[in-house]
């Protein structure tokens, strides 16, 4: 995997070729806000609730899916699409500093 | 006499019975398995059934056949695990006490989780190939199908054998070409992920396959419901994909037994330490194979590598020694690409599939992440290896439980 260094709001972070952080410890809320801005999203409390939930699931190695997020009680699927239009899971994962959902190859 | 109880006599449970029967003294430890099924299916063979490559006889044996002597098998449904009491309740009311419990109940398709998937069209226009019944029904359908839109679609990850849907698409291309009707079939692969391949090395090495085989990709599709009447699938964002024949991989879930027992995550998988394979439910409960929540592929090869490591840890647990944190998520799979060729991939928790050779560094003879006829021969030979070596707990020569690093072009995943 190609890893590049990128400066986000003055913080050097490592990202892969698609702009996903490769080291979660380099993430902080300002980094999240800047990635969101690049995606054309201004983060509100509603966004932050989802991001915090995704990060907690990621720490427990729980694979994420749209349906599971809808069942979590944190956000409805409709609202998830409203908050992060066009591919909500991959966009919210990028902002949260966690890997894009992937398969084995 | 102490009792080691194994729930599930599939790939993982059978391997554990064979490993442990050879390691635990028969006058000290009784080994019991419980499984409601009467047949042990060779599940990697299911993908060959729809295309008439395998016959039904090639993928099944009586469930007791691969088990060692000196173990007992109870053919009954499991009602509940009661960790506080160290016993398991069966549907017939029997109570089975244990000193050590191994959960090997696997994962299963749950089509009822997706609205509209079940109905009159199930196994008529909408098929799975993750069950024996589904694969056979699809075989019968394909034999007379006159063509149209074939949609191969994954509902959500994780699924058992994550590459199987892609293999299915490749084999379908090959099958329809051989029947002289490839021009009458449009193959579309629909995935909730960002593409058919999601790892950079695999994407770079294998993307040509999709183009070569004329397979259309619909990425980022999260199914909301199946509209059986109008023959289309609809995603949460409103996107629609029409089909004439839908081959779906429904939501995969663990055994509902976990929910009845009051543990398991929301997908009914057993919370398990990913390096020791001890459950976090209680220290005398272990889990293996597809039943766990470990972040690696749900596949027989993973269960095989786990079995070697879990056997060591169960012996350590019995002797009061600390468990070894040894499992690295190692997986090793053949991927059929059609036209009698296949790929081979080897990876673990931190290492994505890369190019190289296997199993001997610098020699091979199998090539990683590259199509070859030899890999296809390996896949076919694997059926014999499965019944005669893998299930019996015999080590497969030169293939270690943890991933070997030499002979591969490695880069670490972060």
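Chains as they are written, first to last, in this note's numbering: chain W, 11 to 115; chain B, 2 to 415. Heads up, the beta-carbon is just placed ideally off N, CA and C, and yes, glycines get one too. Note that the structure is predicted; figures quoted are calculated from it, not measured.
Exercise. So, is residue 96 of chain W buried or exposed, given that buried needs 16 or more other C-beta atoms within 10 angstroms?
Worked result: Your numbering for residue 96 of chain W matches position 86 in the first chain. Exposed, by the Cβ-count rule.
key: Alpha carbon of residue 415 of chain B to alpha carbon of residue 26 of chain W, nearest angstrom   = As a first step, residue 415 of chain B is located in the second chain; it is residue number 414 there, counting from the start. As a first step, residue 26 of chain W is located in the first chain; it is residue number 16 there, counting from the start. With a pLDDT of 42 at residue 415 of chain B, under the threshold of 50, the modelled position of this residue cannot be trusted; read the value that follows with caution. Separation of residue 415 of chain B and residue 26 of chain W (C-alpha to C-alpha, rounded to the nearest whole angstrom) is 9 Å.
- Message: Output needed in chain order: residues of the region 252-278 of chain B with a Cβ under 8 Å from some Cβ in chain W.
- Response: 252, 266, 267, 268 and 275
Could you tell me whether any Cβ in chain B is nearer than 8 Å to the Cβ of residue 76 of chain W?
-> Looking up residue 76 of chain W in the first chain gives position 66. True, the Cβ-Cβ gap to chain B drops below 8 Å.
>> I'd like to know whether the C-beta of residue 107 of chain W is nearer than 8 Å to at least one C-beta of chain B.
In response: On the first chain, residue 107 of chain W is found 97 positions in, with the first residue counted as 1. The Cβ of residue 107 of chain W sits no closer than 8 Å to any Cβ of chain B.
Let me know the secondary structure DSSP gives residue 14 of chain W once reduced to three states. Residue numbering aside, residue 14 of chain W sits at position 4 when the first chain is read from its first letter. Strand.
Between the alpha carbons of residue 134 of chain B and residue 389 of chain B, how many angstroms are there, rounded? Here residue 134 of chain B refers to the residue found at position 133 when the second chain is read from its first residue. Here residue 389 of chain B refers to the residue found at position 388 when the second chain is read from its first residue. Cα to Cα, residue 134 of chain B sits roughly 25 Å from residue 389 of chain B.
| said: I'd like to know if the region 293-304 of chain B and the region 317-326 of chain B are in contact, where contact means that at least 3 CB-CB pairs between them fall below 8 Å. | reply: no
**Request:** Would you mind telling me which residues of chain B sit closer than 9 Å to residue 188 of chain W, beta carbon to beta carbon, in chain order?
**Result:** The structure shown does not extend to residue 188 of chain W, since chain W spans only 11 to 115, so no value can be given for it.
- Using DSSP bridges, identify the partner residues of residue 150 of chain B. In the second chain, the residue the question calls residue 150 of chain B occupies position 149. DSSP output for residue 150 of chain B lists B:187 as bridge partner(s).
### Nonlocal neighbours in the same chain, by C-beta distance under 6 Å from residue 360 of chain B, ignoring five residues either side
As a first step, residue 360 of chain B is located in the second chain; it is residue number 359 there, counting from the start. Taken in chain order, the residues that qualify are 399 and 400.
Would residue 99 of chain W and residue 115 of chain W qualify as a contact pair, given that the criterion is a beta-carbon distance under 8 Å? On the first chain, position 89 is the one that residue 99 of chain W refers to. On the first chain, position 105 is the one that residue 115 of chain W refers to. Their beta carbons are not under 8 Å apart, which means residue 99 of chain W does not touch residue 115 of chain W by this criterion.
DSSP bridge partner residues for residue 351 of chain B (one or two, in chain order): Here residue 351 of chain B refers to the residue found at position 350 when the second chain is read from its first residue. In the DSSP output, where bridge partners are listed per residue, residue 351 of chain B has none listed.
Q. Which value, in whole angstroms, describes the spacing of the CA atoms of residue 18 of chain W and residue 230 of chain B?
A. Translated into positions along the first chain, residue 18 of chain W becomes position 8. Translated into positions along the second chain, residue 230 of chain B becomes position 229. C-alpha separation (whole angstroms): 50 Å.
Exercise for review: Give me the Cβ distance between residue 54 of chain B and residue 36 of chain B, rounded to the nearest whole Å; I'm assuming they're in contact under 8 Å.
Suggested key: As a working mapping, residue 54 of chain B is identified with position 53 in the second chain. As a working mapping, residue 36 of chain B is identified with position 35 in the second chain. No, residue 54 of chain B and residue 36 of chain B are not in contact; Cβ-Cβ is about 28 Å, not under 8 Å.
key: Per-residue burial, residue 254 of chain B [other beta carbons within 10 Å of its own, 16 or more giving buried]   = Position 253 of the second chain, counted from the first residue, corresponds to residue 254 of chain B. Buried, since its Cβ has 16 or more Cβ neighbours within 10 Å.
Problem set entry | Interface positions of the region 82-104 of chain W facing chain B (Cβ-Cβ less than 9 Å), listed along the chain | 82, 87, 88, 90, 91, 95, 96, 97, 98, 99 and 100
> Are the Cβ atoms of residue 199 of chain B and residue 242 of chain B separated by less than 8 Å?
Replying inline: If you number the second chain from 1, residue 199 of chain B lands on position 198. If you number the second chain from 1, residue 242 of chain B lands on position 241. No.
query: Excluding the five sequence neighbours on either side, which residues of its own chain have a C-beta within less than 6 Å of the C-beta of residue 1 of chain B, listed in chain order?
result: What the structure shows of chain B is the stretch from 2 to 415, and residue 1 of chain B is not part of that stretch, so it cannot be assessed.
Practice task
Could you work out which residues of chain W lie near residue 346 of chain B, taking near to mean beta carbons separated by less than 8 Å?
Solution key: Taking the second chain and counting its residues from 1, the one referred to as residue 346 of chain B is at position 345. Chain W residues near residue 346 of chain B: 114 and 115.
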